[in-house]
Structure formats: C-alpha cells, structure tokens
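Chains as they are written, first to last, in the UniProt record's numbering: chain A, 1 to 345; chain B, 1 to 481.
Built from N, CA and C at the ideal position, the CB exists for glycine as well.
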C-alpha cells in the first residue's frame, strides 16, 4: 500500500484490521521491524515550503533524503544534524529513527532541528504539532516525541526543519596514531575548548578525527590554537573528509552490531569491555561495536544504554525501569489503541 | 480570567491536609493565610488567588512524599520555580498546594569532560553559568529573567533568550531530568546526549508547563565560553528595510549569536529612560557575533557589507567593552523603560521572518484602530516578537481593550504561519486562544500525553488547554480518598 495523500493514508489506517509496518525507504530497519503488511510513505513526496532566508524547510515525509539534501545544497544550506544518505532513505525515516550524524556534537540531533510535524495516529486521526517557526512553546512539543519513535505512535506525513548554512570552509584534521581510548582523551580536550568543533570521532585506520568549519580566517585561527592544545597527542595533520561517511557502520558484518550511548568519560571502560569497536562518534558518546552473534556484551555500569541493532531481535541494556516502561507503553496505547502500527525506520 | 471552581471537598479538609504535609516535611509547609499571599500570583500579577498551602521541599524524596499525600487526598498541585512566569504558569487555585523549588538550589555534579552540570532545579539560570564560569564554561539559554528565574521553570516553559539563535532553547541544552510523577513515583528521563532508549519523554516534558511531573534535578549541557563577543548597531529609516537586512544576513550563511530588533516607539521610550545614545530612527538592529578578535572582525566585515547595501542611517560597531555595554543597555532596559512611562502588556507571538514587514504594518493599523500604542522589540533572527501594548490600568475599560488587541495580534501571528507563544508559555494567559492555533484533534493528542503522566489531572490542570476542552478530564477526577 502506497497512499498518495495524507487523507488516503488516514483512511487505510482507519480501515486496517491487522498490523501494518510503516516503511519509508526501509533503510534503517532494526531487528523485528518491517514484518507486517507494509504501508509505504514514498508517494507522499515533495517540498511544501522552503525559506532559505528564514532557515525553514517543510517537506512531505516520503521525500527521498537525497532530494532534500540536493534542494538545500542548491541554496548553500543543509540538515545540520547530518543524517547519513543511504540510497532510498526518506526524510520521514530519518525522523522516525532520529538519525543524526557527526555534527550532532555541535548542532544537536535530528529532534533538535525538527520544529513541526503532521502525522496520522493509529486510530486514523490527522494531528499537527509545532509549525514553521523555530521558537514555539505553544502546547506540548509532540515533534520531539515523534522523532525517534520509529513509527510506533503515528505515521509521519510532513516535517518542518530548521536548516543550517553550509560553512564556506570545512577542514578535517586527524591524529592518526591514536587507538580508541587515547582518541577519546584527545577529542575531549578539543571539545572542552573554544574551537567550535563540528565533528569529533575515532575510526580504525584514521585515528582521532576532528572537523573545523566556518569562515576561512576563523578556521585557520582555530586550527592553530587546536594544534597547540592537542600537541601532547601528536601532530594534527590533514585528515580525509570521506572518513565522516564511514562512521555509519555497515550492518552486514560478522557478529551483531551494538550501538552504545554513554558519557564520554565512561567510554574508555566500555571500550575495554567490548571485543571489537568499529567506530566512536560524538566525542566518545556513541560507540558502535561488533559482538559475537546472539551474545550480549558484559558492560560495566554506565549512565546510558546499549542497543543491539542487527541480528534476530532488538535487545536494550539495561532494560528500561518499570515507570519509564509504563509511560512508553501507555503513550503507545493512547496513540495507537488498536495496535495497528508496527514500527519501522 | 476564568478559573475552575475550587474543589470544596479539598478546601474543607485543609487542616488535615496541612497536618499530613507537615508530618512528612516539617518546617517546609506554609499555610498561614498572611504568608500564602506571597504565592498568590507570579509575574502575571493581574490575576491572583492564594493557594491552600505552600510547601518548600529540599529534595526529590520530599517532593515525592508531598505528591503522594496530595495524590491520595485528590489535591490539585501547582509547581513553582521562582515565580517569574509571564503567562500565569504558576498561578494557584484556592484548592491547590503550591510546591516551590526555592530551597532546591544545589549543584550536584560538574563534569567539564562530559560537558555537563547536574543541579537541583530551584537553582537560578544565571547561577548555573556562575557555577562553571571559573572553569571556562557557560550554560547557553539566557532568558531575560535569568538572574531570578529557576531552571525548573525554564524546563517547564522551554525558555529561550537573546542568544538562542545560535545555541538553541532549553530543550536543545537539556540532557536529562529527575522527575516526580503525581503519584509520587520518581523517574529519570533522558541520558547522555539527551537520548534514552525508547520514546523521547524528555522532549515532551520540556515545555509541558509543569503538567506532567515536578522536575527536581536537571542535567544541563554546558559549553566552552567563546573567546570574546562584540555587538554592532545598525539603524534604518524603515522597519521593512531592517527586516530585509536580517533576511540577507541569514541568507548569507552568517549565524550571529543574537539579532535584536527595536522599533521607533520602543527606541524613544528606552532613550528617555536609559539614555543609551541610540540614533533617531524607525528601526534598529543589534547584532552580536562571537570568537577571537580576528574572527569577530571577519564576521563583522561581512555583516557591514550586507548592511551597507540597505543604506542604513547609522552603522555603529563596538570597539570597547564600554561601547558594547552601551549598545546592549537600551535593549536590556526596554521592558523597564516601557514600564516607567506606562502600564503595558507584553505579547510573545512568533512569526515567520518573511512575514515581518506585513505583520509590523498590520500591528500599526490595529494599534491606531484600538487607540492604544504598541512598541515592538523582538528577537529578529527567530521571529519571536514582543509587541508591548500600552494602556492605563486606572482607566476603566482600558485593560479589556488591551486584552482584545493582544488577542487580535496573536491571531495575526498564527494567521501568517506563526504561533501564540515563542518563549513565555501558554499558562492561563493564552489558554483560551489555543483553538486559534490547534484543531480539537491536535489538542486531544496533547491531552492524551497528560492522561498518561497524570491520569487524574491534578498537576497544574487549569493551564495550557482551554477550560472547555479539558473540562471532562478535570471533572472526571475521582473523589478525595
């Protein structure tokens, strides 16, 4: 099923008698998702409003991410949270997954750029929230609730974003010799100074990588100061700008892929407990690791959570506390009382 | 302002409720009618009602104990930070217990490596920055009331400030909270990077105006302080041109930390009051950029080039701390200055920046028709307007005319694609205009969220939603135990 209008989509949901899997491009599916009858959003496409001088974009959910990125680029702008451009990915899927890339350390996640939504609930109601202005405290912020909800509360039909200007100069710098643990110390040192770092990560073969963006003279001043600050970690050299694209790991690997969110200060102990770290992003706050298929890593106590994002079933460690679990389940029950919506990304 | 009838069953049990509260949190309960008067309103002082009692707990555990009692007794609860809400967000009802955060001011943790600070939520906004200032960090959201307002209130209202064009508002700088639900259960929301497994409950709690729970602790993102900052002032002979200049600056990819706009009535009033030396003009912009001195120079040069294309009548770049202070002086005194010359009502609508010239022209027409002056000061980078409607509180009928004009201006904001409130919140003030911006089904979806967090609708329930929309939920409360 691939409705062409929001009304048609609402009609399908109202008439549905069995669960539906909500699918954009189907590029961000997690274990267990996408199994029911598929309701595709890909016919709901097109940019409905773009005001570059106000940094505002409104776009239908099924629009390919690549189209959105191209339209913004033509005006010297971008989605600041830097979602990875998987072929076929839709903007609705990006929001449903709250997909956010390296620039999150500077400008925040997808949910931070999302300023308005339209969606259809599990009982077929068309709801709008937020709008097209970046400052808005009128009523509850359901946009945040929808971001990352993976299609479990409603089917997104239209999204509003705050856009970000593309900086005239972007420089990738690296400390190639560092292992993941040493890299986190270097990234932390960089992120705790006034350098306006727009990317701070670690990748095997690349070491610690950092990104500076802005006006030309400004970038050159900050680079000098940063080199001095990081001298104890080695010489800051020109890095490969393509490395940022490699931070989104390929799920077709040996073993199960785990995504771990933690405080950067907790990352070294977590890394030491993991058999194979594939990438570290957000200054140490995001770790991707491979763990033998079907097993669970023995993680030290930490303040975040780990999610198995490939393999048979999704696993979350630690399990959410009972009160949070109740709030999650009851919200889902309110927005989708007949349990029609089976999430997807 | 219509408020629901207080629950007489609760009022009849006042003494028993006070005794139960006092047993749970000795020395924290205020129920002497002379003392509870201090809590009868917040900064929206036009509406007042003394509460049943006030409790000033010192810890999350005490908040939980108080809420358990109120929950069992079916007592409405009104959370209060520092009482600076301009929307009546913490105005009580006669049957309500106010839970104030004033004693919860501790810093619980600072980690510069993790770029965060954890505080009790009664701590003031400015003192959060103060706690990390010596370490080279600051907390970015900077509401104008930051000297007085509490972080708990900032979270309730998702507060912003002049510098949020670059750094975002509270929701973009909030990593986690400890919150007590109405039934007394304690929950941690958010996590590192503000991200929890499951739904983004933190995202919906921020800005929910104290209706979902009482936030007792907050983990906030702190940022390294920039090397320096410098403002400039540009004056124009028309608001339209000033608006076009703002659009061109943003279009050019320059993101200053602040772009503030003042119109002639506002400039004139602030000049008389603060004598900042502002030029005689129709509109002026104050634009601030940050960085090291050469970085600031580079940005200012670009802004100057853009501004010059719009033929400003004056372009003044700060060259010293003293000059910077003078440029900001007028803007920061604007509200006080207006208060000196007149009673005023401050609106808080937000509009798409593209609609600025049209909206300013319409407001001028509406102001003339109503026979009430309107001065405009606002955050031009993000379209958050603060029209100040001047009226005479002692003149019969003036307040009503002022309220009617205010409502018309907010309707205009929604009509051009904006919203009713950009940073002050809905509270009781804009509650009855919510139907202008939202269809019943949109409000219903929001109220469903409240149903889940606070099934009996005891927390700050007469706010945000139009009374008729929330009536069945509020009246559906089971009787006191």
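Q: Please list the partners that residue 178(B) has in chain A, where partner means a Cβ-to-Cβ separation under 7 Å.
A: Position 178 of the second chain, counted from the start, is the residue given in the question as residue 178(B). Those do not exist, as residue 178(B) stays about 12 Å from chain A at its closest Cβ, beyond 7 Å.
Q: For residue 274(B), collect the residues of the same chain with a Cβ closer than 7 Å to its Cβ; drop the 5 residues on either side in sequence, then sort them by chain order.
A: Residue 274(B) sits at position 274 when you count from the first residue of the second chain. So the list reads 329, 330, 333, 337, once near-sequence residues are dropped.
Q) List, in order along the chain, the chain A residues whose C-beta lies closer than 9 Å to that of residue 255(B)? A) Sequence index remark: in the second chain, residue 255(B) carries index 255 (1-based). By Cβ distance, chain A contributes 55, 164, 165.
Q.
Give me the DSSP bridge partner(s) of residue 129(A).
A. The residue given as residue 129(A) occupies position 129 in the first chain. 117(A), per the DSSP bridge assignment.
Q) When DSSP builds the beta bridges, which residues end up paired with residue 139(B)? A) The residue you call residue 139(B) lines up with position 139 of the second chain. Paired residues: none, contrary to the question.
Q. Quick one: what's got a C-beta closer than 7 Å to residue 406(B)'s C-beta in the same chain, skipping five residues either side?
A. As a first step, residue 406(B) is located in the second chain; it is residue number 406 there, counting from the start. Excluding its 5 nearest sequence neighbours in each direction, residue 406(B) has C-beta neighbours in its own chain below 7 Å: 345, 347, 389, listed in chain order.
Q: Measure from the alpha carbon of residue 430(B) to the alpha carbon of each residue in 102(A), 137(A), 285(A), then state which is nearest.
A: Translated into positions along the second chain, residue 430(B) becomes position 430. Distance check between residue 430(B) and each of 102(A), 137(A), 285(A) places 137(A) closest, using alpha-carbon atoms only.
Q: Please list the residues of the region 326-354 of chain B that have a C-beta atom closer than 8 Å to any C-beta atom in chain A, keeping them in chain order.
A: Within the region 326-354 of chain B, the residues whose Cβ lies closer than 8 Å to some Cβ of chain A are 350, 351, 352, 353, 354, listed in chain order.
Q. Is there a Cβ from chain A that is less than 9 Å from the Cβ of residue 204(B)?
A. Working through the second chain from its first residue, we reach residue 204(B) at position 204. Taking Cβ atoms only, chain A reaches closer than 9 Å to residue 204(B), which makes this a yes.
Q) When DSSP labels each residue in this structure, what does residue 15(B) get in the three-state scheme? A) As a first step, residue 15(B) is located in the second chain; it is residue number 15 there, counting from the start. Residue 15(B) carries a helical assignment under DSSP once its states are collapsed to helix, strand and coil.
Q. Closer than 7 Å, Cβ to any Cβ of chain B: which residues of the region 177-197 of chain A, in chain order?
A. So the list reads 188, 191, 192, 193, 194, given in the order they occur along the chain.
Q) I think residue 377(B) touches residue 262(B), with their Cβ atoms under 8 Å apart; what is that distance to the nearest whole Å? A) Working through the second chain from its first residue, we reach residue 377(B) at position 377. Working through the second chain from its first residue, we reach residue 262(B) at position 262. Contact holds; Cβ gap of about 5 Å.
Q) What are the boundary residues of the alpha helix (DSSP H) that includes residue 167(B)? A) Indexing the second chain from 1 puts residue 167(B) at position 167. Looking at the DSSP string, the run of the alpha helix (DSSP H) that includes residue 167(B) is 164-167.
Q.
Quick check on the DSSP output: what are the complete beta strand (DSSP E) runs of length 3 or more inside the region 129-173 of chain A, in order along the chain?
A. Fully enclosed beta strand (DSSP E) runs of 3 or longer: 154-162.
Q: Name the one or two DSSP bridge partners that residue 187(B) has.
A: Taking the second chain and counting its residues from 1, one reaches residue 187(B) at position 187. Residue pairing by DSSP puts residue 187(B) in a beta bridge opposite 179(B).
Q | Pairwise C-alpha distance: residue 9(B) and residue 34(B) | A | The residue you call residue 34(B) lines up with position 34 of the second chain. The residue you call residue 9(B) lines up with position 9 of the second chain. Distance between the alpha carbons of residue 34(B) and residue 9(B): 22 Å.
Q. Buried or exposed: residue 122(A), going by 16 or more other Cβ atoms within 10 Å of its Cβ?
A. Locating residue 122(A) in the first chain gives position 122, where the first residue counts as 1. Buried: at least 16 other Cβ atoms inside 10 Å.
Q. In whole angstroms, what is the alpha-carbon distance linking residue 80(B) and residue 314(A)?
A. Within the second chain, residue 80(B) is the residue found at index 80, counting from 1. Within the first chain, residue 314(A) is the residue found at index 314, counting from 1. Across the structure, residue 80(B) and residue 314(A) are spaced so that their CA atoms are roughly 41 Å apart.
Q: Give the residues from the region 123-138 of chain A that approach chain B closer than 8 Å (Cβ to any Cβ), ordered along the chain.
A: Residues of the region 123-138 of chain A that bring their beta carbon within less than 8 Å of a beta carbon in chain B comprise 125, 126, 127, 128, 129, 131, 132, 133, 134, 135, 136, 137, 138, in sequence order.
**Q.** Listed by chain order, chain A residues near residue 445(B) by CB distance under 8 Å
**A.** Here residue 445(B) corresponds to residue number 445 of the second chain, with the count starting at 1. Going along chain A in sequence order, the residues near residue 445(B) (Cβ under 8 Å) are 121, 125, 127, 129, 142, 335.
Q.
Assess contact between the region 192-200 of chain A and the region 85-96 of chain A, defined as three or more Cβ pairs (one per stretch) separated by less than 8 Å. Is contact present?
A. Result no; under three Cβ-Cβ pairs closer than 8 Å.
Q. Which residues in the same chain have their Cβ closer than 6 Å to the Cβ of residue 62(B), if we skip the five residues on either side of it in sequence?
A. As a first step, residue 62(B) is located in the second chain; it is residue number 62 there, counting from the start. Taken in chain order, the residues that qualify are 25.
Q.
To test your reading of the DSSP string, which unbroken alpha helix (DSSP H) runs of 4 or more residues are found completely within the region 263-345 of chain B?
A. Restricting attention to alpha helix (DSSP H) runs no shorter than 4 residues, the region 263-345 of chain B encloses them at 264-274, 293-308, 321-341, ordered along the chain.
Q. Alpha helix (DSSP H) containing residue 155(B): first to last residue?
A. Counting from 1 along the second chain, the entry for residue 155(B) is found at position 155. Per DSSP, the unbroken alpha helix (DSSP H) holding residue 155(B) starts and ends at 151-157.
(Q) Can you find the residues in the same chain that come closer than 6 Å, C-beta to C-beta, to residue 470(B), ignoring five residues on each side of it along the sequence? (A) Position 470 of the second chain, counting from 1, holds the residue named residue 470(B). Result list for residue 470(B): empty, nothing under 6 Å.
(Q) Please determine whether the Cβ atom of residue 358(B) lies at a distance below 8 Å from any heavy atom of the ligand HEM. (A) In the structure on display, the ligand HEM does not appear, and there are no ligands present to speak of.
**Q.** 8 Å Cβ cut-off: residues of chain A touching residue 187(B)
**A.** Sequence index remark: in the second chain, residue 187(B) carries index 187 (1-based). Neighbours of residue 187(B) on chain A, chain order: 321, 323, 324, 327.
Q. What is the DSSP secondary structure of residue 481(B), reduced to helix, strand or coil?
A. Locating residue 481(B) in the second chain gives position 481, counting from the first residue. A caution first: residue 481(B) carries a pLDDT of 38, below 50, which makes its placement in the model unreliable, though a value can still be read off. Of the three classes helix, strand and coil, the one that applies to residue 481(B) here is coil, per DSSP.
Q) Ends of the beta strand (DSSP E) at residue 23(A)? A) Numbered from 1 along the first chain, position 23 holds the residue referred to as residue 23(A). Going by DSSP, residue 23(A) is part of the beta strand (DSSP E) stretching over 20-23.
Q: Output yes if chain A places a C-beta closer than 9 Å to the C-beta of residue 291(B); else output no.
A: In the second chain, residue 291(B) corresponds to position 291, counting from 1. Chain A, which has a Cβ nearer than 9 Å to the Cβ of residue 291(B), makes this yes.
Q) Would you call the CB atoms of residue 104(B) and residue 152(B) closer than 9 Å? A) Walking along the second chain from the start, residue 104(B) turns up at place 104. Walking along the second chain from the start, residue 152(B) turns up at place 152. Yes, these two residues count as a Cβ contact at 9 Å.
Q. So which residues on chain B does residue 147(A) lean against when the C-beta distance must stay under 8 Å?
A. Position 147 of the first chain, counting from 1, holds the residue named residue 147(A). The contacting residues are 200, 203.
Q: With 7 Å as the limit, tell me which residues of the region 215-229 of chain A have their beta carbon closer than that to any beta carbon of chain B; keep them in chain order.
A: Listed in sequence order: 215, 217, 218, 221.
Q | Exposure of residue 308(B), with buried meaning 16 or more beta-carbon neighbours within 10 Å | A | For the purposes of this step, residue 308(B) is taken as residue 308 along the second chain, with counting starting at 1. Residue 308(B) is exposed by the Cβ-count criterion.
Q) beta strand (DSSP E) containing residue 79(B): first to last residue? A) The residue labelled residue 79(B) in the question sits at position 79 within the second chain. Going by DSSP, residue 79(B) is part of the beta strand (DSSP E) stretching over 77-80.
Q.
Is residue 50(B) close to chain A? Criterion is C-beta to C-beta, closer than 9 Å.
A. Indexing the second chain from 1 puts residue 50(B) at position 50. At a cut-off of 9 Å between C-beta atoms, residue 50(B) does not count as an interface residue with respect to chain A.
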